[in-house]
Amino acid sequence: MDGQPLSVVGDKGFRLLISHLQPRYDMVSRKYLSETALPELHLKVCKDITERIKDVKALSFTTDIWSSDVSPVSLLSLTAHWLDESYVPQSAMLNATNFRGSHTGDAIAATLTEMFTKWQIPLHKVHVILRDNASNMRKAMDSMRVRNLGCVAHTMQLVVNEGLLSQRAVSDAVASGRQIVGHFKHSPLAYSRLQDIQLEMNMPPKRLQQDVKTRWNSTYYMIESLVEQKRALSAYTADHELPTTLTTSQWGLLEKTMTCLKPFEEFTRKVSSATASTADVIPSVTVLKRLLSMETEADSGVKTMKKTLLEAVNKRFSTVENEPLYALSTLLDPIYKDRFFTSADSAKRGKDAKELEEDMRTTTTDGAQASEPVGKAPRVETAAAAAAAPSSSSSSNFMNEFDKIRMEHEEGPGTASTSSTAVQLHSYFTEETIPSTDDPYKYWAVNHQRLPGPAAAAFRYLCAPCTSVESERLFSTVSTILDEKRNRLTAERAEMLAFLSKNLPLMLKPELKKLEKSA
1 MDGQPLSVVG DKGFRLLISH LQPRYDMVSR KYLSETALPE LHLKVCKDIT
51 ERIKDVKALS FTTDIWSSDV SPVSLLSLTA HWLDESYVPQ SAMLNATNFR
101 GSHTGDAIAA TLTEMFTKWQ IPLHKVHVIL RDNASNMRKA MDSMRVRNLG
151 CVAHTMQLVV NEGLLSQRAV SDAVASGRQI VGHFKHSPLA YSRLQDIQLE
201 MNMPPKRLQQ DVKTRWNSTY YMIESLVEQK RALSAYTADH ELPTTLTTSQ
251 WGLLEKTMTC LKPFEEFTRK VSSATASTAD VIPSVTVLKR LLSMETEADS
301 GVKTMKKTLL EAVNKRFSTV ENEPLYALST LLDPIYKDRF FTSADSAKRG
351 KDAKELEEDM RTTTTDGAQA SEPVGKAPRV ETAAAAAAAP SSSSSSNFMN
401 EFDKIRMEHE EGPGTASTSS TAVQLHSYFT EETIPSTDDP YKYWAVNHQR
451 LPGPAAAAFR YLCAPCTSVE SERLFSTVST ILDEKRNRLT AERAEMLAFL
501 SKNLPLMLKP ELKKLEKSA
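Counted the way the UniProt record's numbering counts, the sequence shown spans residues 1 to 519.
Dropping the structure here:
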């Protein structure tokens with residue numbers, strides 16, 4: 001669970017520590033851990049997860065492929081996502097299987113089908129699979145005939161890349177900044193001197209952040225770190241050589257680029273959070289478009305980039321409101337409901353409502369008759385949500401725009417149908433949205449008896465993440481297991497260790513909470 005190698009049981013320091021804590025304890029051997037304890041624990045956790053998901057009516061999944069840099073291993077992952085009976089989001093790693101041969105769509109489909117069979121998950125329980133945007137993944141999903149969506153974070157990567165490359169002056173300034181960061185990254189002496197300067201200037205000793213090509217937001221954090229350390233870097237260049245320097249004009253461009261990209265950073269952070277769902281996509285895109293459409297004084301020098309970013313968002317997210325998996329989940333999130341749709345097509349909104357009503361009928365029993373009268377929704381707010389609520393002085397433009405849009409559309413749909421499901425939907429839509437700091441899952445936990453039809457549909461639609469980030473987090477765990485010191489581990493053993501590392505916290509949640517309280 002903590003990523004320690006099995007060999008730790010043979011380390012002198014560890015053995016001395018255990019002997020000091022409990023002299024009578026006879027330390028187990030590495031062989032016992034490897035051949036007996038871990039397989040038994042793996043089987044126990046498998047049974048626990050099987051028990052957890054067997055009665056869940058709708059499961060969503062994330063999948064991805066990863067190749068190791070230190071061993072000839074490629075893994076195909078599968079992570080399950082669902083809501084428990086209390087509407088609390090849950091997830092569990094099911095597989096990170098050794099994926100041999102060519103990564104064709106047919107091969108991916110065959111391996112994923114084997115995984116579903118192993119876990120006794122019929123395809124009709126698969127609500128959606130989140131994948132990357134590669135053509136082989138698309139082909140695999142089409143072959144399996146399952147509903148699937150591309151990773152929103154990957155799409156945003158393409159959007160920002162287009163924007164950064166659209167203005168030569170900006171891309172040159174970013175490239176120069178990258179060279180400067182690389183210099184300090186590869187020279188401990190230079191970094192040590194920069195730290196001394198930071199201390200002399202009473203600045204916090206922070207490292208410059210190196211960006212990674214596959215993560216656009218790392219470029220944002222690199223620019224942010226450069227701007228933060230501008231004074232220290234200027235002092236450094238007075239006495240030391242750098243591979244390149246930034247002109248006054250380039251410093252200004254970087255500051256404006258950072259301001260321009262800030263909403264994208266907030267968008268990416270929002271949709272990549274552990275509790276994000278497909279409901280967050282349409283509202284986040286709507287807010288992003290509105291912010292990019294506003295003209296400000298900070299646009300001077302980066303107008304071309306900002307215009308290109310807006311065009312790229314419009315192009316790459318042009319169909320999100322027409323995708324039922326996004327549209328219906330947005331309608332079922334009490335923070336958003338129908339307030340964030342930009343399409344003026346009322347027929348499309350009516351079609352969404354009809355599809356949602358039909359979905360409610362198929363996911364509830366006997367027409368989803370309410371067990372109590374449809375009344376007004378109680379306010380749901382947790383202490384954590386209240387604490388997290390941003391003050392008017394510190395809240396970001398991104399979140400401010402969310403609240404503005406919510407308040408602009410507090411009039412819900414008009415005429416209600418007479419069917420039970422339609423009455424529930426009408427009641428739900430005509431009530432005010434809940435604050436963005438509230439928890440939509442807690443809303444449904446409180447209101448599922450009052451609105452059983454919408455709650456049953458929310459149970460399905462709000463369990464779906466909107467990115468494949470969870471698979472990336474899994475592979476981050478795998479990469480620490482298959483590091484240079486353990487590159488001889490078999491793929492099967494690496495999968496077992498990753499499985500236990502990711503899933504033991506789910507199984508041991510009560511015990512871990514006790515440990516946190518006693519710490």
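The beta-carbon is built from N, C-alpha and C at its ideal position, and this holds for glycine as well.
| Exposed or buried, what is Asn-322 when buried is set at 16 or more other beta-carbons lying within 10 Å of its beta-carbon? | So Asn-322 ends up on the exposed side.
| said: Going by beta-carbon coordinates alone, are Asn-136 and Ile-180 separated by less than 9 Å? | reply: No, these two residues do not count as a Cβ contact at 9 Å.
| said: Using 8 Å as the cut-off, can you tell me whether the stretch 53-70 makes contact with the stretch 463-475, which would need three or more C-beta pairs spanning the two stretches below that distance? | reply: Yes, since at least three Cβ pairs between the stretch 53-70 and the stretch 463-475 fall closer than 8 Å, the two stretches touch.
| message | Which same chain residues end up closer than 7 Å to Lys-256 when comparing Cβ atoms and leaving out the 5 residues on each side of it in sequence? | response | Cβ within range, chain order: Ala-298, Gly-301 and Val-302.
| Contact check, Val-281 vs Val-320, beta carbons under 9 Å | For the 9 Å CB-CB criterion, Val-281 and Val-320 form a contact.
| field | Residue closest to Phe-499, alpha-carbon to alpha-carbon, out of Leu-38, Met-222 and Gly-163 | value | Per the Cα distances, Leu-38.
| field | Reduced DSSP category for Pro-505 - H, G, I as helix; E, B as strand; rest coil | value | Look at Pro-505 here: in three-state DSSP terms it is helix.
| Rounded straight-line distance, which links the Cα of Asn-397 to that of Thr-259 | Here the C-alpha atom of Thr-259 lies approximately 11 Å from the C-alpha atom of Asn-397.
| I think Val-271 touches Ala-153, with their Cβ atoms under 8 Å apart; what is that distance to the nearest whole Å? | Indeed, because the Cβ distance is near 6 Å, the residues count as touching under 8 Å.
| Should Leu-292 go down as buried or exposed, given a rule of 16 or more other Cβ atoms within 10 Å for buried? | With 16 or more other Cβ atoms within 10 Å, it is buried.
| Any idea which residues DSSP pairs Glu-215 with across the strands? | According to the sequence displayed, residue 215 carries Arg and not Glu. For Arg-215, the pairing in a beta bridge is given by DSSP as Val-212.
| message | Using only the alpha-carbon positions, how far apart do Thr-111 and Val-287 sit? | response | Taking the straight line from one Cα to the other gives about 39 Å.
| For Val-126, does the three-state DSSP call read helix, strand or coil? | Note: Val-126 maps to strand in three-state DSSP.
| request: Along the beta strand (DSSP E) that carries Gln-90, what are the first and last residues, could you check? | output: It spans 89-98 - the beta strand (DSSP E) in which Gln-90 sits, taken as one unbroken run.
| task | May I ask which residues mark the beginning and end of the alpha helix (DSSP H) holding Leu-83? | result | Where Leu-83 is concerned, there is no enclosing alpha helix (DSSP H), although the beta strand (DSSP E) it sits in stretches over 74-83.
| task | Please go through the stretch 423-489 and give each complete alpha helix (DSSP H) segment of 4 or more residues, from N-terminal end onward. | result | List check, alpha helix (DSSP H) in window: 440-447, 452-461 and 469-481.
| Where do the ends of the beta strand (DSSP E) carrying Asp-333 lie? | Where Asp-333 is concerned, there is no enclosing beta strand (DSSP E), because DSSP gives it neither an H nor an E.
| Delimiting residues of the beta strand (DSSP E) encompassing Phe-61 | Per DSSP, Phe-61 belongs to the beta strand (DSSP E) from 59-67.
| message | For His-183 and Met-201, I'd like the C-alpha separation in whole angstroms. | response | Annotation: His-183 to Met-201 spans about 21 Å, alpha carbon to alpha carbon.
| field | Cβ-Cβ separation, Ala-58 to Arg-406 (assumed contact under 8 Å), whole Å | value | Arg-406 to Ala-58, Cβ: 27 Å. No contact.
| According to DSSP, is Asn-202 helix, strand or coil? | In the three-state scheme derived from DSSP, where H, G and I count as helix and E and B as strand, Asn-202 is classed as coil.
| field | Where Leu-149 falls: helix, strand or coil (DSSP) | value | Here Leu-149 sits in strand by DSSP.
| query | Shortest alpha-carbon distance to Tyr-236 belongs to which of Gln-198, Lys-31, Thr-248 and Leu-254? | reply | The candidate whose alpha carbon is nearest that of Tyr-236 is Gln-198.
| With 16 other Cβ atoms within 10 Å as the buried cut-off, status of residue 581 | A question about residue 581 goes unanswered here, because the residues of the chain that appear run from 1 up to 519.
| request: Measure the C-alpha to C-alpha separation of Arg-493 and Leu-17 and round it to an integer number of angstroms. | output: Distance between the alpha carbons of Arg-493 and Leu-17: 27 Å.
| query | Quick one: what's got a C-beta closer than 7 Å to Asn-503's C-beta in the same chain, skipping five residues either side? | reply | These residues qualify, in order along the chain: Val-45, Ile-49, Ala-92 and Met-93.
| Distance between Asp-333 and Pro-89 (C-alpha atoms, nearest Å) | So the alpha carbons of these two residues sit roughly 14 Å apart.
| Spatial neighbours of Met-141 in its chain, beta-carbon cut-off 7 Å, leaving aside the 5 residues before and after | Only Ile-129, Arg-131 and Asn-148 meet the Cβ criterion.
| field | Option nearest Pro-435 by Cα separation, candidates Gln-120, Val-469 and Asn-400 | value | Considering only alpha carbons, the answer is Asn-400.
| said: Can you give me the C-alpha to C-alpha distance between Asp-172 and Ser-501, rounded to a whole angstrom? | reply: Going by the C-alpha atoms only, they are around 42 Å apart.
| Since Tyr-441 contacts Leu-41 with CB under 8 Å, what's their CB separation in whole angstroms? | Not quite, the Cβ-Cβ distance comes to about 30 Å (not below 8 Å), so this is no contact.
| said: Which same chain residues end up closer than 8 Å to Arg-269 when comparing Cβ atoms and leaving out the 5 residues on each side of it in sequence? | reply: Excluding residues within five positions, the ones whose Cβ falls inside 8 Å are Asn-217.
| Since Ser-329 contacts Leu-462 with CB under 8 Å, what's their CB separation in whole angstroms? | 6 Å between Cβ atoms; contact.
| message | Using CA atoms only, rank isn't needed, just tell me which of Cys-151, His-186, Glu-265 and Pro-454 is closest to Thr-421. | response | Cα-wise, what sits closest to Thr-421 is Pro-454.
| request: Look at Thr-245 and Ser-176 and say whether their C-beta atoms are less than 9 Å apart. | output: Taking 9 Å as the Cβ cut-off, Thr-245 and Ser-176 qualify as a contacting pair.
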